[in-house]
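**Q** Numbering (the working numbering), first residue to last: 9 to 215.
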């Protein structure tokens, strides 16, 4: 199963250059997202544009599979990449700025997708949770009676990329999805969270 990570935007709100390469504890933000999908056994491809030449160079230098789209828009770049890569089965799409994403979230969404029997799945988080975690909420909809905002991770059918897809909406009240890095304050907070997580993981690996 493919996972397309969209990393072709300017990320101008953060003001630190190309957003996917902003480092968190010495590691580019996009690396955390790639590692999450890799650990879940997915075939990851980073979707770039001409707006992100440094991210393109980083992908090349680290042998990360990537595709450079025209940069016409988020949805348009997904469709272009799906067609160019000839993906005709279900796939994940994800933003590059949710560095707290982990394997268990991906597996949960995949299981819910299979259970739904529908063409697509979109993941949402409660608006209140997103704001508590310092995220700036630009768009909300009511999902299962809850005011929610997109988490930035979805599943779609590649063979239906040009057609309407019957979608199931899932709310996950998981703070790890709420840390969408759009401000320096959010970046500093996530740095502390991921530093603690890395220390935890290293502790578990010690004999």
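The C-beta atom is built at its ideal place from N, Cα and C for all residues, glycine as well.
Residue 161 to residue 204, Cα distance in whole Å?
**A** As a first step, residue 161 must be located in the chain shown, where it is residue number 153. As a first step, residue 204 must be located in the chain shown, where it is residue number 196. Each residue's Cα considered, the two are about 24 Å apart.
**Q** Among 166, 84, 127, 80, which one has its Cα closest to the Cα of residue 94?
**A** Looking up residue 94 in the chain shown gives position 86. Taking only the C-alpha atoms, the option nearest residue 94 is 166.
**Q** Closer than 8 Å is the cut-off here; do at least three beta carbon pairs connect the stretch 166–181 with the stretch 101–121?
**A** At 8 Å Cβ cutoff, the stretches touch.
**Q** Who are the near neighbours of residue 73 in its chain, counting only those whose CB is closer than 6 Å to its CB and skipping five residues on each side?
**A** For the purposes of this step, residue 73 is taken as residue 65 along the chain shown, with counting starting at 1. Cβ within range, chain order: 53.
**Q** Nearest by alpha-carbon distance to residue 16: which of 33, 51, 75 is it?
**A** Here residue 16 refers to the residue found at position 8 when the chain shown is read from its first residue. It is 75 whose Cα lies nearest to the Cα of residue 16.
**Q** Mark residue 92 as exposed unless 16 or more other C-beta atoms lie within 10 angstroms of its C-beta, in which case mark it buried.
**A** As a first step, residue 92 must be located in the chain shown, where it is residue number 84. Residue 92 is exposed by the Cβ-count criterion.
**Q** Terminal residues of the continuous alpha helix (DSSP H) containing residue 65?
**A** In the chain shown, counting from the first residue as 1, residue 65 sits at position 57. Segment 61–69, the alpha helix (DSSP H) holding residue 65.
**Q** Between the stretch 54–69 and the stretch 140–149, can you find at least three pairs of beta-carbon atoms closer than 8 Å?
**A** Verdict: no, contact absent.
**Q** Based on the DSSP output, what are the partners of residue 7 in its beta bridges?
**A** Outside the shown range of the chain (9 to 215) lies residue 7, about which nothing can therefore be said.
**Q** Who pairs with residue 108 in a beta bridge, going by DSSP?
**A** Walking along the chain shown from the start, residue 108 turns up at place 100. DSSP output for residue 108 lists no bridge partner at all.
**Q** Is it true that the CB of residue 40 sits closer than 8 Å to the CB of residue 107?
**A** Residue 107 sits at position 99 when you count from the first residue of the chain shown. Residue 40 sits at position 32 when you count from the first residue of the chain shown. It is a contact, given that the beta carbons lie within the stated cut-off.
**Q** Quick check on DSSP: helix, strand or coil for residue 193?
**A** Here residue 193 corresponds to residue number 185 of the chain shown, with the count starting at 1. Note: residue 193 maps to helix in three-state DSSP.
**Q** Alpha carbon to alpha carbon, what distance is there between residue 43 and residue 99?
**A** Position 91 of the chain shown, counted from the start, is the residue given in the question as residue 99. Position 35 of the chain shown, counted from the start, is the residue given in the question as residue 43. Taking the straight line joining both Cα atoms gives about 17 Å.
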